[in-house]
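Reminder that position 23 of the sequence shown reads as 23 in the UniProt record's numbering, one-by-one numbering, no gaps. Beta carbons: idealized from backbone N, C-alpha and C, even for Gly. Please read all numbers here as calculations on a predicted model, not as lab measurements. Encoded as structure tokens, the structure appears first; notes follow it.
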Amino acid sequence: MDVAFLNVLLEMKRRTHTTTWKTSTWKEITQEMINLFPEKHLCLQKVKEKYQRMKTNFTRFAEILKHTGVGWDADTNTITADSDFWDMIIKKNRAYKTFRSKGCKHYDMQKQLFSSSVATGVLRISSTDPPPTLEEERQLNAEFLSRGKGKQKHHVDLEEGSDESDDPVNVADPILTESRRRVPKRSQSKSSQMQECMDIFRGSFTKNQQHTPQSAKKSKSVSSPEKPEKNSIEEAFNELAKLESRIPQSLFVKAGKALLDPASRRLFMWFKEESRMEWILQLEQP
């Protein structure tokens, strides 16, 4: 979920050339997140708080990297520093402790989003700020999760470093389930992988046609040919096909399979072309 959130924010930054957004822009960001994760019961306040937490977390991490003798291993997502240094900064603020073992998740994407704010010192954490206690941290987390539309609804943990997966959302969709059973072995050639992807697409499209009411079929025949339904698999594949010449064939096939997931498909269709390329290239990352 963090990756999807960062992608939405980065796309908005590219469109507006700023991260100081008005309420109307925040409402647009919130609505996009609701569209991507309808089961999470998100709201404007929770999305803005999520952004601020992520920004503060990144700023603390950036402050650590500024210290002399501190290194950053991007491959392992860890900071290299001696024990005395860690003891010193953790004593200053207990919030730094998490970086010792977990680093900063999605650091490169956050750097693109927040680097201008951090560079100007806008978010610098004052050394006079009292370090939060564990109880305060738990309270903040509880308040964050309890905001929104009522206690009876199940809320999602939007905290950085949570155990939530960043993989596309697992929607109870028989088409997606079928596609997972039919993932080709790595030994297959690129052409057979492409054929496999297109077979999956045709199979899912045929399923949808079989469940189309007769009245709908009649109306479609009158207005034929018609545009693909918004955010449909067919529409997404048409847009993906426009990028085929710019990406490796194996990555093209991988993107096609990823678009079978409804949430990933909505995000892909919301992006502009360059953002779609960035989304596809990230599929190569483990």
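A direct Cα-to-Cα measurement between K27 and S115 gives close to 23 Å. For I79, the enclosing beta strand (DSSP E) begins and ends at T78 to T80.
Each of D82, L240, T18 and K227 was checked against the Cα of Q112, and the nearest Cα belongs to T18. Judged by DSSP in its simplified three-state form, D261 adopts coil rather than helix or strand.
Ranked by how close their Cα comes to the Cα of Y107, the residues E234, D82, W72 and E244 have W72 in first place. Sorting N77, H67 and G103 by C-alpha distance to the C-alpha of M88 places H67 at the top. In terms of Cα proximity to L36, the closest of Q285, E274, K242 and F5 is F5.
Taking C-beta atoms under 8 Å as the contact rule, L260 and I233 qualify, at a distance of about 7 Å.
By the 16-neighbour rule on beta-carbons within 10 angstroms, K102 is exposed. According to the DSSP assignment, D84 belongs to the alpha helix (DSSP H) that extends over S83 to K92. Under the three-state reduction of DSSP output, G103 falls in the coil class, being neither helix nor strand. Taking a C-beta distance under 8 Å as the contact criterion, M109 and L10 qualify as a contact pair.
Inter-residue distance for K48 and L281 is about 28 Å (C-alpha atoms, whole angstroms).
For G71, DSSP records a beta bridge to T80. Excluding residues up to 5 positions away in sequence, E244 lie with their Cβ nearer than 6 Å to the Cβ of F252 in the same chain. In the three-state reduction of the DSSP assignment, T56 falls in the helix class, which pools H, G and I. When secondary structure is reduced to three states using DSSP, T19 falls in the coil class, being assigned neither helix nor strand.
Boundaries of the alpha helix (DSSP H) around M277: E273 to L281. When secondary structure is reduced to three states using DSSP, N35 falls in the helix class.
In this structure, DSSP gives K40 a helical state, which the three-state scheme calls helix.
For K13, the closest of L283, F271 and M277 by C-alpha to C-alpha distance is F271.
Rounded to the nearest whole angstrom, the C-alpha separation of K105 and N77 is 7 Å.
V8 and R60 have their C-alpha atoms roughly 23 Å apart. Per DSSP, E244 is not a residue of any alpha helix (DSSP H), being assigned neither H nor E.
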